[in-house]
Amino acid sequence: MNSENLTIQALSEKLKQTETALLESENRFRDLFHLAPIGMAEVSLGGQFLEVNSSFCEFIGYSRKELMQRGFNQITHPHDRDMSMNYFSRLIQGEFKQYNLEKRYRHKEGHWVYGILHCYLRLDTVGNPFSVITQIQDISEYKKIEEDLKQQKEYLRLVLDNIPQQVFWKDTNLVFKGCNKKWAEYAQLESAESVIGKTDYDLFKNWEVAEFYRRQDRRVMTSKEPELNVIAPKQKPTTDGRQIWLDISRVPMLDTDGYVIGIIGVLEDITEQKEIDEKLRLTQFSIDKSRDYVLFTDINARFFYTNEAATKTLGYSRDEFLQMQVKDIDPNASENQWSISWENLRQQGSFTFESIHKMKTGEHISVEITLSYLEYNNKEYGCAVVRDISERKHTEIVLQQAKEAAEAANRSKSEFLARMSHELRTPLNAILGFTQLMNRDLKRKQSVLLQDHQEHLEIIGRSGEHLLNLINDVLEMSKIEAGQISLNSAHFDLLKLLHCLRDMLELKAQSKGLKLLFEIDSDVPQYIQTDESKLRQVLINLLGNAIKFTDAGCIILRTKTVKNSKANRLIFEVEDTGYGISPEELQYVFKPFIQTETGRKSQQGTGLGLSISQKFIKLMGGKITVSSQLGQGTCFRFNINFKPANTSHIPSKTAIKQVIGLAENKQNYRILVVDDNWTNRQLVVKLLKPLGFEVQEAENGQEAISIWEKWQPHLIFMDMRMPVMDGYEATQYIKQHLQGQATVIIALTASVFQQDRTVILSAGCDDFVRKPFRVEVLFEKISKHLGVKFLYEETPDVDESGNTQLPQKMEITDPSQLTSEVLAIMPETWIQALHQAATKLNSKLMTEVIDQIPETHASLAKILTQLVNDFRYDVIIELTSKIQK
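Positions 1436 to 2320 (our numbering) are the ones given, in order, by the sequence shown.
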């Protein structure tokens, strides 16, 4: 019993000692827990706080009481909760005895704080898990420092990646420790990070290239001296052969003790700058070697650069130029003028003008200046490129003098042609007129001349007509050269024109045994708009030449349109089987006054027909060409522009009314005819007197003034070129008087020049009629200016085709009864054939044409035959001309 008590007492004592030890251990733990400088927390197995120390409360911002009411997950960062719970559960389950974890807590003030946790299980007396003890080290400050360093590193990376230079750095073993993005691209790396740990041998396949770079790096690290801005070509050009230039700098990296720890390399691609420098160098060279001199000025007109040409041309040195202003060499550049010019330059950007520059010797040269505006670094400049044009100016003066001399010569030529127009036409008209009068008188008086004399008279008539045609060709060419021929575009029937030409020329071709063929494409338009008269003249000339120079075979006129052309164009070809033209002479066929060998042998023409035709074709927007083989024939080919015609604009043919007298008038009209040529006066007198006008004559201006002062005519027909006093002076004298203002003066002149019309009207004439004139025009002018009304012969009706219809039976017994209206009963093609035969003075051909008149108009055939036998070709020409016009 005592032994059991002793055992129990011993056990009890030992238990007390154990409890005391446990209590002391608990107290020591509590003391350590609460006095620990780091955060301490005891957490239940369910995650609730059982105890916290003041350091943890200070770290998290909550009081002990507030934390006792929370679990640790409530103050854990949402992104850290899953990881924190995972570790916590595995600790409790015994997977490991303790763990360390970095996590974030939400501070009571709302921001996040960082801590490193060290967690382990607390066991009860029997060894079962009781709670989890957590030690929390506040690392917020370290985290801030870490974040700052990270940002700085990232900022540094951004800086390195965004600078234009390529940067790398190596350690002392020449192993790459890093580079920026530009250098990684240069080294053809996937990323800047991939260079770390590599050497030049890894990056450059060529061992010599790698060793070259390493030698340079070692040299810099050994010397501890940087090598800056070394210009060198890249070792390997681009695939397109372009050389890359680099600006390379190497700097040794030293630690705080001055020991080399590596090297930094900076590379910059200066290829573009190098190329710009090269271009600038070439530009500078070009400017310095330019024959034009270049001057740069500032806004105040001060020079700050000149090239070599400026110093050589003006004689000033470059230093002298730098002390000068624009006004020192350009007398036209006053300060006020410079301000105006600069403002214009600023607005326009560039302009060119002429001026003079003063040389150092005092001489002046003429210059052409191109001034351009430049703006650089917010400053304004002017660049003047100056060319010495003294020689050109001298040439211009010489050319101007030559031009004036040529114009004077041209005026002399025009005056000569105008005089010849008057002087030659008048005697020719007299020759032709009196020849015809003699023939008429011989017929009326039944006189007989010797056969030889009659042939001589016929030769005189033909020769006179031929000479008049030659003069007209020369005058026509003169008008073309003077630019006095213009395009008179009108609407007309092209097919009708071609048919008329065929009918007109067919008899002439048949007389030589030739075939005249017209080939007209189906797509050639019937109605077109261009100059009908000039086209007719060109075709007549080409076809006439073809007939003239062809003895056997045929002449073909082809007409077609240009296919697939934006513009409306016609093509004409005139081909013959005649003599042909030699290759040597082809180049001269369109030269005025030059004939081919065939033309010279024919002893016909002036050599102007083709030249005039070429000018007319060019005026109609086309071009003429020729091809020929000697002995085989010739083909002329030309094209012209045309516009589609409106058929409503094509005038219908109307019969011409024949004046037979004056209608009843309350006064007698007095008309004065002034001309130094008696024949011309008689023509007008004989036209007007039978109609009932009172007519007087004067042979010069002085005589005209005397008659005007006494007789006061209502109208004066005034010739402009006369001896004693010409028509200009007489007109001016009459018109300067009050009574003369009421007198109508109409100029009658043989001039063919348009400018004479302007001069005549400015002299005071009221109107203008060119000789030879149409009778109808003379009557129209009288009616217009005096208001006179005429009586007309009954006008025959005009049918739908435009042909005049005579009564079924109409007898004409005298040539005086033959008018253009009577002759118009015949078809237009017949009229044209008769006119052509008359102008060629071909009596045989005229007789053949007259024989075509039907029996119902036998009296017309008889009168025309009588005119042919009397050599009155002039009457036939005048009548047919009226109808055609």
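For every residue, glycine included, the Cβ atom is placed at its ideal position computed from N, Cα and C.
Is residue i helix, strand or coil by DSSP?
{"i": "residue 1772", "result": "helix"}
{"i": "residue 1746", "result": "helix"}
{"i": "residue 2058", "result": "strand"}
{"i": "residue 1445", "result": "helix"}
{"i": "residue 1542", "result": "coil"}
{"i": "residue 1591", "result": "helix"}
{"i": "residue 1798", "result": "coil"}
{"i": "residue 2132", "result": "strand"}
{"i": "residue 1759", "result": "coil"}
{"i": "residue 1926", "result": "strand"}
{"i": "residue 1489", "result": "helix"}
{"i": "residue 2212", "result": "helix"}
{"i": "residue 1985", "result": "coil"}
{"i": "residue 2278", "result": "helix"}
{"i": "residue 1527", "result": "helix"}
{"i": "residue 2310", "result": "helix"}
{"i": "residue 2044", "result": "helix"}
{"i": "residue 2253", "result": "coil"}
{"i": "residue 1634", "result": "coil"}
{"i": "residue 2223", "result": "coil"}
{"i": "residue 2200", "result": "coil"}
What are the residues that DSSP puts in a beta bridge with residue i?
{"i": "residue 1787", "result": "1805"}
{"i": "residue 1511", "result": "1540"}
{"i": "residue 1535", "result": "1553"}
{"i": "residue 1547", "result": "1541"}
{"i": "residue 1992", "result": "1953 and 2009"}
{"i": "residue 2079", "result": "1963"}
{"i": "residue 1604", "result": "1613 and 1699"}
{"i": "residue 1566", "result": "1479 and 1557"}
{"i": "residue 1684", "result": "1701"}
For residue i versus residue j, is the C-beta spacing smaller than 8 Å?
{"i": "residue 2105", "j": "residue 2148", "result": "yes"}
{"i": "residue 1984", "j": "residue 2014", "result": "yes"}
{"i": "residue 1478", "j": "residue 1560", "result": "no"}
{"i": "residue 1953", "j": "residue 1937", "result": "yes"}
{"i": "residue 1544", "j": "residue 1496", "result": "yes"}
{"i": "residue 2154", "j": "residue 2201", "result": "no"}
{"i": "residue 1808", "j": "residue 1781", "result": "yes"}
{"i": "residue 2009", "j": "residue 1992", "result": "yes"}
{"i": "residue 1548", "j": "residue 1573", "result": "yes"}
{"i": "residue 1702", "j": "residue 1604", "result": "no"}
{"i": "residue 2184", "j": "residue 2206", "result": "yes"}
{"i": "residue 1684", "j": "residue 1661", "result": "yes"}
{"i": "residue 2055", "j": "residue 1966", "result": "yes"}
{"i": "residue 1810", "j": "residue 1734", "result": "no"}
{"i": "residue 2310", "j": "residue 2282", "result": "no"}
{"i": "residue 1824", "j": "residue 1803", "result": "yes"}
{"i": "residue 1558", "j": "residue 1532", "result": "no"}
{"i": "residue 2266", "j": "residue 2257", "result": "no"}
{"i": "residue 2133", "j": "residue 2166", "result": "no"}
{"i": "residue 2204", "j": "residue 2182", "result": "yes"}
{"i": "residue 2107", "j": "residue 2126", "result": "no"}
Given residue i, which residues of its chain have a CB within under 8 Å of its CB, disregarding the five upstream and five downstream residues?
{"i": "residue 2193", "result": "none"}
{"i": "residue 1738", "result": "1730, 1731, 1732, 1756, 1757, 1759, 1760 and 1761"}
{"i": "residue 2124", "result": "2130"}
{"i": "residue 1880", "result": "Low confidence applies to residue 1880: its pLDDT is 44, below 50, so where it sits in the model is not reliable enough to give any reading."}
Among residues of its own chain, excluding the 5 on either side of residue i, which ones have a beta-carbon nearer than 6 Å to its beta-carbon?
{"i": "residue 1502", "result": "1484 and 1487"}
{"i": "residue 2344", "result": "Here the chain comprises residues numbered 1436 to 2320, so residue 2344 is not present and cannot be evaluated."}
{"i": "residue 1656", "result": "1687, 1695 and 1698"}
{"i": "residue 1622", "result": "1638"}
{"i": "residue 2159", "result": "2135 and 2137"}
{"i": "residue 2270", "result": "2315"}
{"i": "residue 1976", "result": "2044 and 2048"}
Apart from the five residues just before and just after residue i, which ones in its own chain have a Cβ nearer than 7 Å to its Cβ?
{"i": "residue 1706", "result": "1679 and 1680"}
{"i": "residue 2274", "result": "2312"}
{"i": "residue 1763", "result": "none"}
Throw me the rounded Cβ distance for the residue i and residue j pair, which I believe falls under 8 Å.
{"i": "residue 1630", "j": "residue 1614", "result": "5 Å"}
{"i": "residue 1964", "j": "residue 1925", "result": "7 Å"}
{"i": "residue 1933", "j": "residue 1955", "result": "6 Å"}
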